[in-house]
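Remarks on the structure that follows.
If you want it as structure tokens, here you go:
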């Protein structure tokens, strides 16, 4: 069985019932990998696909909201965002870090966050309940110099539900 959608085209496979789609999208002057996957096409609704398509079409707004959640996390007592930033200031080569941080407002943490590069957005339309991880936004300060990502997980409404660091 397959699913046909105006934005994503024909989704699904004859074998496992899995759903997968991927494409590159533009965010400013940067290419971002965008993918959509589900282990079971029966759990994917047209409404969830419509929401994912709308989020892809408004990638700049989605990115801005995710970055705002990273800034908001800086003020929390056990800030994962602050830990990610500190980790890179301690571990990355100073020259590579200087090249990666393209903003200079005087606030190193904010400049770091503004300089993060959105690498990938992964949608999981089978998690369309409001508490589910509908999409993951993977950010890196310098993809050529570090494998470490800070990942913002959002729900179907675009609200941040979790932050994580992945290597």
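Residue numbers (the working numbering): 57 to 223. For every residue, glycine included, the Cβ atom is placed at its ideal position computed from N, Cα and C.
Tell whether a beta-carbon distance below 8 angstroms holds between residue i and residue j.
| i | j | result |
| --- | --- | --- |
| residue 210 | residue 137 | no |
| residue 80 | residue 208 | no |
| residue 115 | residue 83 | yes |
| residue 173 | residue 199 | yes |
| residue 203 | residue 223 | yes |
| residue 109 | residue 145 | no |
Let me know the secondary structure DSSP gives residue i once reduced to three states.
| i | result |
| --- | --- |
| residue 135 | coil |
| residue 219 | strand |
| residue 183 | coil |
| residue 96 | coil |
| residue 72 | coil |
| residue 204 | coil |
Excluding five sequence neighbours on each side, which residues of the same chain lie with their C-beta closer than 7 angstroms to the C-beta of residue i?
| i | result |
| --- | --- |
| residue 123 | 169 |
| residue 157 | 167, 168, 171 |
| residue 112 | 81, 90 |
Could you tell me which of the options sits nearest to residue i, measuring between CA atoms?
| i | options | result |
| --- | --- | --- |
| residue 117 | 147, 223, 213, 219 | 213 |
| residue 91 | 218, 193, 85 | 193 |
| residue 68 | 82, 99, 84 | 99 |
| residue 155 | 143, 135, 201, 132 | 201 |
| residue 86 | 196, 216, 215 | 196 |
| residue 121 | 221, 220, 216 | 216 |
Run the CB neighbour count on residue i, radius 10 Å, all protein chains shown included, and call it buried at 16 or more, exposed below.
| i | result |
| --- | --- |
| residue 102 | exposed |
| residue 181 | buried |
| residue 225 | Summary: the structure shown does not reach residue 225, with the chain confined to residues 57 through 223, and so no result is reported for it. |
| residue 140 | buried |
| residue 107 | buried |
| residue 104 | buried |
| residue 129 | buried |
| residue 77 | buried |
| residue 127 | exposed |
| residue 151 | exposed |
So, at 6 angstroms on beta carbons, what are the nonlocal neighbours of residue i in its own chain, with the 5 sequence-adjacent residues on each side left out?
| i | result |
| --- | --- |
| residue 178 | 91, 192 |
| residue 75 | 67, 68, 94, 97, 100 |
| residue 218 | 209 |
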